[in-house]
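Read the structure below first, then the notes.
Protein chains in written order, with the working numbering: chain A, 3 to 113; chain B, 1188 to 1302.
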């Protein structure tokens, strides 16, 4: 399969809780990006982490990258109803000059 | 950043016909990609559109089915040929700003429904 793995496939949490989703990729990357997609809408870029970075923050978002395990995680703190969406990681493969998306996590925030 | 215009935004097509999707970028970009997103799924890379040369296709996608043109650094087309209902999908043009280490920008997508 072309796509990287993401888990969980679906996540339902209470508003105010933290949400964590994980992404794994296959070979060496230049960077890894996370995107959000609301139902029926376009992709919104959230954050980019470079291969020489281990952690990055943006507002309520925290992204980590572990190149030894070929994995990344996205943490959303203090979740809100508006965070309900699908989240995708996208790996930038240096050897092949292309970006491959993960399978995605569907996040639902319960009020 | 890059602003990408795609058209058509949506279309309903008959089985066996072909449709060409256009992608216009507001600046010159080296790396341009075409993705497909089937209902409820993630994005799958169809091909990298190379300026002045043949596109580089991913496994499972062939030039006869998805011919791509890239006449310059701001424009590309993707044709979906001999369409079947399985081709019903959103097709997305995207560009990398700042090379492979940069952010991927997307057009609004072209939603095709094949009857």
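Ideal Cβ placement from N, Cα and C applies to all residues, glycine included.
Could you tell me if residue 33 of chain A is buried or exposed, where buried requires 16 or more neighbouring beta carbons within 10 angstroms of its beta carbon? In the first chain, the residue the question calls residue 33 of chain A occupies position 31. Result: buried.
Smallest Cα separation from residue 1246 of chain B: which of A:94, A:102 and A:67? If you number the second chain from 1, residue 1246 of chain B lands on position 59. Ranking A:94, A:102 and A:67 by Cα distance to residue 1246 of chain B puts A:102 first.
Is the Cβ-Cβ distance between residue 1300 of chain B and residue 1205 of chain B less than 8 Å? Along the second chain, one-based indexing puts residue 1300 of chain B at 113. Along the second chain, one-based indexing puts residue 1205 of chain B at 18. No, Cβ-Cβ distance for residue 1300 of chain B and residue 1205 of chain B is not below 8 Å.
Residue 1248 of chain B versus residue 1268 of chain B - alpha carbon distance: What you label residue 1248 of chain B is simply residue 61 of the second chain in a count that begins at 1. What you label residue 1268 of chain B is simply residue 81 of the second chain in a count that begins at 1. Rounded to the nearest angstrom, the two C-alpha atoms are 12 Å apart.
Establish whether the CB of residue 1300 of chain B and some CB of chain A are separated by less than 8 Å. Working through the second chain from its first residue, we reach residue 1300 of chain B at position 113. At least 8 Å separates the CB of residue 1300 of chain B from every CB of chain A.
Can you name the residues of chain B whose CB is closer than 8 Å to the CB of residue 97 of chain A? The count along the first chain starts at 1 and reaches residue 97 of chain A at position 95. Result: empty, since nearest Cβ-Cβ is about 10 Å, beyond 8 Å.
Leaving aside the five residues before and after residue 26 of chain A along the sequence, list all residues of the same chain whose C-beta is less than 7 Å from its C-beta, in chain order. Working through the first chain from its first residue, we reach residue 26 of chain A at position 24. So the qualifying residues of the chain are 6, 7, 72 and 73.
Under a CB-based cut-off of 8 Å, is residue 1219 of chain B close to chain A? As a first step, residue 1219 of chain B is located in the second chain; it is residue number 32 there, counting from the start. Chain A, which has no Cβ nearer than 8 Å to the Cβ of residue 1219 of chain B, makes this no.
So, are the CB atoms of residue 1241 of chain B and residue 47 of chain A less than 8 Å apart? Mapped onto the second chain, residue 1241 of chain B falls at position 54. Mapped onto the first chain, residue 47 of chain A falls at position 45. No, Cβ-Cβ distance for residue 1241 of chain B and residue 47 of chain A is not below 8 Å.
Counterpart residues of residue 79 of chain A in DSSP-defined beta bridges: In the first chain, residue 79 of chain A corresponds to position 77, counting from 1. According to DSSP, residue 79 of chain A bridges with nothing at all.
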